[in-house]
Amino acid sequence: MPNINQYAVPTTYYRGGTSKAIFFHEHVLPPPGPQRDRLLKRAIGSPDPLQLDGMGGSKAVTSKIAIVKSSTRPDADVDYTFAQVGVADDFIGYDANCGNISAAVGPFAIDEGLVKYRPGRSMDPKVKTQEVRIYNTGTRKVLSAHVPITEKGCFESEGTQAIAGVPGTGSPILMDYRSTIGAWLSRGLLPTGNITDTLTVAGNDIQVTICDMANLCVFANAKDFNITGHESAADLTANSDWQTRTQELLGKAAVLVGLTKDWQA
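With the first letter of the sequence shown counted as 1, position 195 gets the number 187 in this note's numbering; the numbers rise by one all the way through.
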């Protein structure tokens, strides 16, 4: 006899880039609000450091959700809401985007029949692709995915493309983020108005470039953090000095662009 306190919600699990997410059609979820938040956090298994009671993988890169529906916008095929769910923290946020998960929205939309065929671009003229225009609700910007497809019009996952951090190979999905410039602060590509700025990190002045394209990014020289730039992710995770310096860097960059008044907050 089924448990009347439980009900089924259809979903799909996709990897995009170096992240994974649970994908939902928006119509199967409660409307935005506390009930939707509770359902999504339960699906991931949060708050719990191990996320044992859900589909999360106990890391930020696997604690993500995508909500997709057909779009009524003339410049988009689908609307896509990205949700970052806390792992041990009881948190869910919808006001940003994830470039990795964005790469999986096109394949989901194609295989779920949410979009009509529009020819896409490809690095290999022998590979047929389909363009999917994606409106991200968090940044309120449109981005495009050029997705390899089979002769039957389904997503072609097989290929020879390799990316750092992911074993094996797959098909290349080309992403176009040109329309996402200024997504966070609406001040263009360089929100400070400068190509480079000076920030003091660990008592030393370093040159950085802050860009606002899809997400806010801070670029700095590896040597200013006592690394070469060739370290593995495991090496950097174990490097407490690097972690402390990068946290200070990000905090002070946030102050510079006006996101906070206290870099340690």
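We put the CB at the ideal spot given by N, CA and C, even for glycine. If you're wondering where the values come from, they're calculated on a predicted model, not measured in any experiment.
Discussion item. Output needed for Ile141: all residues of its chain with C-beta closer than 7 Å, excluding positions within five of it in sequence on either side, in chain order.
Written reply: Hits under 7 Å: Ile102, Lys120, Thr121, Gln122, Phe147 and Glu148.
Fill in: Sequence-distant residues of its chain with Cβ nearer than 7 Å to Val247 (five each side left out)
Hits under 7 Å: Lys253 and Trp255.
Item to complete: Classify Gln27 as helix, strand or coil using the three-state DSSP reduction.
Response: Helix at Gln27.
Worksheet item: By how many angstroms is the C-alpha of Gly250 removed from the C-alpha of Ile84?
Response: Between the C-alpha atoms of Ile84 and Gly250 there is a straight-line separation of about 23 Å.
Practice prompt. Output yes or no for whether 8 Å exceeds the beta carbon distance between Leu135 and Asp168.
Written response: Yes, the pair counts as a contact, with Cβ atoms nearer than the cut-off.
Worksheet item: First and last residue of the beta strand (DSSP E) that includes Val107?
Response: In the DSSP assignment, Val107 falls outside any beta strand (DSSP E) and carries neither an H nor an E.
Worksheet item: Are at least three pairs of beta-carbons, each pair with one atom in the stretch 200 to 220 and one in the stretch 154 to 165, less than 8 Å apart?
Response: The answer is no - the stretch 154 to 165 does not touch the stretch 200 to 220, with fewer than three Cβ pairs under 8 Å.
Practice prompt. Let me know the secondary structure DSSP gives Val158 once reduced to three states.
Written response: Val158 falls in the coil class under three-state DSSP.
Worksheet item: Rounded to whole angstroms, how far is the Cβ of Ile155 from the Cβ of Gly49, which I believe are closer than 8 Å?
Response: Ile155 to Gly49, Cβ: 18 Å. No contact.
Item to complete: Could you have a look at Gly243 and say whether DSSP puts it in helix, strand or coil?
Response: It is helical.
Item to complete: Answer yes or no: do Leu106 and Val77 have a C-beta to C-beta separation smaller than 8 Å?
Response: For Leu106 and Val77, no; Cβs fall outside 8 Å.
Discussion item. Using the Cβ count rule (16 or more neighbours within 10 Å means buried), how would you classify Gly25?
Written reply: In this structure Gly25 is exposed. Its beta-carbon is surrounded by fewer than 16 other beta-carbon atoms within 10 angstroms.
Discussion item. Can you look up Gln274 in the DSSP assignment and give me helix, strand or coil?
Written reply: Lying before the first or after the last residue shown, residue 274 is absent from the chain, which here runs from -7 to 257.
Worksheet entry | Own chain residues within Cβ distance below 6 Å of Thr54, not counting five before or after | Closer than 6 Å at Cβ, skipping near neighbours: Lys12 and Gly48.
Fill in: His222 - DSSP class collapsed to helix/strand/coil
Coil, per DSSP.
Worksheet entry | DSSP-derived helix/strand/coil call for Phe217 | Residue state for Phe217 is assigned as helix, using DSSP reduced to three classes.
Worksheet item: Name the DSSP beta bridge partners of Gly85, please?
Response: The partner list for Gly85 (beta bridge, DSSP) reads Gln76.
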